[in-house]
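Visitor: Let me begin by handing over the structure; questions about it come next.
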Amino acid sequence: MWRPKDKNKAIKIKDMLITDLAFSLTFAALCDEVRELCSVARQQPITLKWIDDEGDPCTISSQMELEEAFRIHQRTRRSGLLLHVFPSIPERPGQPCPGEDKSIYRRGARRWRKLYRVNGHLFQAKRFNRKAYCGHCSERIWGLGRQGYKCINCKLLVHKRCHKLIPQTCQKLMVSGRDYSTSSEEPFQVLITLYSNQDTVGREQALGLAHFDLVRVIGRGSYAKVLLVRLKKSDQVYAMKVVKKELVHDDEDIDWVQTEKHVFEQASTNPFLVGLHSCFQTESRLFLVIEYVNGGDLMFHMQRQRKLPEEHARFYAAEICIALNFLHEKAIIYRDLKLDNVLLDHEGHIKLTDYGMCKEGIRPGDTTKILRGEDYGFSVDWWALGVLMFEMMAGRSPFDIITDNPDMNTEEYLFQVILEKPIRIPRSLSVKAASVLKGFLNKDPKERLGCQVETGFTDIKSHTFFRTIDWEQKQVTPPFKPQITDDYGLENFDTQFTNEPVQLTPDDQDVIKRIDQSEFEGFEYINPLLLSTEESV
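Those letters in the sequence shown? Residues 1 to 537, per my numbering, in order.
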């Protein structure tokens, strides 16, 4: 997990082994358990220290001291008894062990890799990019950050909620014949950490809010605010999407954030998709640092021009097709193609952004099925492209309803129009433009342009409307170059955003207390494709 820190300080990364043991455990048995868990030879002397309720390390060297630790542990009702294990003994009583540093007892001084032991399994929290299914309940493992656990020995995958329910012993340890069945006595959780005499120190890259200057607000939605920021180390400019954790409170919201982060990572290799630079978090917010595209969006430019020449629409549609095909090849449905989400870079090429509506691994279907709550597939994106191309060339939606009847100005009636009414193509458009619009706006997904399983994208490229396009990426000069008068290009963003004060509201501690921080474990990320050496912190 990436954690913000002073760049001059080093973080020591060690394993934290988490297991369940019975309260009736003897001191000798505890020592045997610790030696096996930490792979310490039986003849090797060890020192055990636990952290009391005042945060001080206390040595356990006898049955009496162990029972006192148990008694205080029960009184404080902590979730676990934290033991620090040293494979050595002090030179003199009262002195620290070799390799012991008092700073290790300070919370946050080290970065831990947590390993949970159950029936011989050593589970580590993992983030799964592809489909993964739980070895206990067989349901899909899904969520934000590190969604589940994986045994580092036998590679078993499980939900976090299921890891203690696993009845089978770790297959890799069955060879030894040892019984790892859970004790029938009342268990408690022990957190065990191991230090070596020669402690190695590693440095890690990390990012936090303090590494950025907040320049301007450039967007806002129901879930997030988007800021223009500058990385202090390199003076590089990025967009920063800020999401309040309090708004991410159920499984659907968590899936949305996880999917968007995943797609941002995938998109970083495509020139027509906005890529991810990094992610980090605070107690109250999630931050996604993404590419800054300073030419504004197509909605902003359409409001100025009303409609576009067919040549312009053809150019933008071709680049959008490349972006959509890239996502589809990775089993990602975009689902949110609209003028607001098509950005123009400083040269005039497009980049799709906002992946919060993306869906992965859906069976083929239709946009109309969204309205009916049924399954749907990649065909929805080609339908949406048809709608967007209609808006670009006609200057209006294909489903505009102009009426004084209030009953015909409802969402329900609009859905009915989309599902049932034929689409009329303006006579002012060319035959080729009318043909491609009819192809994309075919209400039967089986007949829709781009939806044939084997030839879909080829059918689009060979359509007469696109026949003049050189489909090599960025080989055609854009028909329009956005006006950019400074480094930021803020004239291409709506003033209702750019005039907002650049600030984050103070944290509400009562709200923070209600946030389950474990849901966001593993959110931190730095993209090596976008992070240059001189940007490292």
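Glycine is no exception: its CB is placed at the ideal position from the N, C-alpha and C atoms.
#1: Please say whether lysine 126 and lysine 150 have beta carbons closer to each other than 8 Å?
#2: Note down, in chain order, each residue of its chain lying with its Cβ closer than 6 Å to the Cβ of glycine 177, except the 5 sequence neighbours on either side.
#3: What is the DSSP secondary structure of serine 278, reduced to helix, strand or coil?
#4: From the DSSP secondary-structure annotation, give me the bridge partner or partners of phenylalanine 123.
#5: Enumerated in chain order, which unbroken segments of the beta strand (DSSP E) with a length of 3 residues or greater are wholly contained in the segment 204 to 230?
#6: Around the C-beta of cysteine 137, are 16 or more other C-beta atoms found within 10 angstroms, so that it is buried, or is it exposed?
#7: Determine, using beta carbons only, whether isoleucine 322 and valine 342 come nearer to each other than 8 Å.
#8: Starting from valine 436, trace the alpha helix (DSSP H) both ways and give me its first and last residue.
#9: In terms of alpha-carbon separation, which member of Gly295, Val226, Met64, Gly221 lies closest to glutamate 347?
#10: What are the partner residues of phenylalanine 86, as DSSP defines its beta bridges?
#11: For the 8 Å Cβ check, are there 3 or more pairs between the segment 349 to 358 and the segment 277 to 285?
#12: Since cysteine 162 contacts cysteine 134 with CB under 8 Å, what's their CB separation in whole angstroms?
#13: Just to confirm the assignment: which complete alpha helix (DSSP H) runs, minimum length 4, are found wholly within the segment 445 to 510?
#14: Check the C-beta distance from isoleucine 333 over to glycine 377 and give it rounded, since I have them as a contact under 8 Å.
#15: DSSP three-state call for arginine 304: helix, strand or coil?
#16: Pull the bridge partners of histidine 312 from the DSSP assignment, please.
#17: Helix, strand or coil, according to DSSP, for threonine 169 in the structure here?
#18: Where arginine 304 and arginine 335 are concerned, what is the direct C-alpha to C-alpha distance, given to the nearest angstrom?
#19: How many angstroms separate the CA atom of isoleucine 423 from the CA atom of glycine 450?
#20: Assign aspartate 20 to one of three DSSP states: helix, strand, or coil.
#21: What is the DSSP secondary structure of phenylalanine 159, reduced to helix, strand or coil?
#22: Leucine 81 by DSSP, collapsed to three states: which one?
#23: How is the alpha helix (DSSP H) around alanine 28 delimited, first residue to last?
#24: Using CA atoms only, rank isn't needed, just tell me which of His301, Phe287, Asp400 is closest to leucine 414.
#25: What do you get for aspartate 375, buried or exposed, if any count of 16 or more other CB atoms within 10 angstroms of its CB means buried?
#26: To the nearest angstrom, how far is it from the Cα of alanine 41 to the Cα of arginine 35?
#27: Are the CB atoms of leucine 214 and valine 229 within a distance shorter than 8 Å?
#28: In angstroms with no decimal places, state the Cα-to-Cα distance between phenylalanine 315 and isoleucine 152.
#29: Is the segment 431 to 448 touching the segment 379 to 392, taking contact as three or more C-beta pairs under 8 Å?
#30: Which term fits glycine 120, buried or exposed, when burial requires 16 or more other beta carbons within 10 angstroms of its beta carbon?
#31: What does the alpha-carbon distance come out to for the pair histidine 84 and threonine 19?
#32: Between the C-alpha atoms of leucine 327 and glutamate 283, what's the straight-line distance to the nearest angstrom?
#33: Relative to the alpha-carbon of valine 243, which residue among Val237, Glu311, Tyr223 has its alpha-carbon at the smallest distance?
#34: Given a threshold of 16 other Cβ atoms within 10 Å of its Cβ, counted over all protein chains shown, does glutamine 258 qualify as buried or as exposed?
#35: What's the call for valine 453, buried or exposed, on a 16-neighbour Cβ count within 10 Å?
#36: What's the gap between the Cα of leucine 298 and the Cα of phenylalanine 493?
Guide: According to the structure data:
#1: yes
#2: Caution is warranted here: a pLDDT of 40 is assigned to glycine 177, below 50, making its placement in the model unreliable, and the coordinate value is therefore given only provisionally. Once the five neighbours on either side are set aside, glycine 177 has no close Cβ partner at all.
#3: strand
#4: Tyr116, Cys151
#5: 212 to 220
#6: exposed
#7: no
#8: 431 to 440
#9: Gly295
#10: Thr47
#11: no
#12: 6 Å
#13: 456 to 461, 495 to 498
#14: 7 Å
#15: helix
#16: According to DSSP, histidine 312 bridges with nothing at all.
#17: coil
#18: 26 Å
#19: 19 Å
#20: strand
#21: One detail in the question is off: residue 159 reads as histidine in this sequence, not phenylalanine. It is a strand residue.
#22: strand
#23: 27 to 37
#24: Asp400
#25: Interpretation of aspartate 375 is limited by its pLDDT of 44, a score under 50 that renders its predicted location unreliable; the figure taken from the coordinates is listed afterwards. With fewer than 16 Cβ atoms within 10 Å of its Cβ, aspartate 375 is classed as exposed.
#26: 7 Å
#27: yes
#28: 50 Å
#29: yes
#30: buried
#31: 14 Å
#32: 32 Å
#33: Tyr223
#34: buried
#35: exposed
#36: 11 Å
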